[in-house]
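Residue numbers (our numbering): 151 to 303.
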């Protein structure tokens, strides 16, 4: 697989560590109109299943490199070997004591522990380097739509 021109990214907002996670796909396409595209995940197991099915392969670090009137961001995709590895990295970053979270990500040696530790009401981005935004948004929409339908007995 090759990297998409604009890899798909999703914002995850944590409400109680990994117990309640709001999912917001980033990017927009005209074909989705006003559909509700995101949703909420409940717990670590559902997060692993979601990451697996959507095809996320990386944690995304984002740095603002220019300000108004034309804000610009530099993004680094930290590839992970598996969905479980992504969630393990998140677990490590959610550790309350910064000394345990220091150097969780490769290339993070220059950062202070405060920059590497997420608070309980933090956000993170995951990327799918082989998906474009339109396909990623569609997959996220289907995930939540499939789970909202009543299941037949």
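Every residue gets a Cβ at the ideal spot worked out from N, C-alpha and C, and that includes glycine.
In the DSSP assignment, residue 278 is bridged to 158. Secondary structure within the stretch 207 to 251: the alpha helix (DSSP H) runs of 4 or more consecutive residues, fully enclosed, are 233 to 243 and 248 to 251 (chain order).
Buried is the label assigned to residue 283, since at least 16 other Cβ atoms lie within 10 Å of its Cβ. Apart from the 5 residues on each side of it in sequence, residue 202 sits with its Cβ closer than 8 Å to the Cβ of 233 in its chain, given in chain order. For residue 176, the enclosing beta strand (DSSP E) has its first and last residue at 171 to 176. By the Cβ neighbour-count rule, residue 273 is exposed, with fewer than 16 other Cβ atoms within 10 Å of its own. Collapsing the DSSP output to three states places residue 168 in a strand. Residue pairing by DSSP leaves residue 202 without any beta bridge partner. For residue 294, the CB contacts under 6 Å within the same chain, skipping 5 residues up- and downstream, are 189 in chain order. For residue 288, the enclosing alpha helix (DSSP H) starts and ends at 283 to 298. Taking the C-beta atoms as reference points, residue 210 is found nearer than 9 Å to residue 226. When the beta-carbon positions are compared, residue 286 and residue 162 stay at least 9 Å from each other.
The Cβ atoms of residue 197 and residue 168 lie closer than 9 Å to each other.
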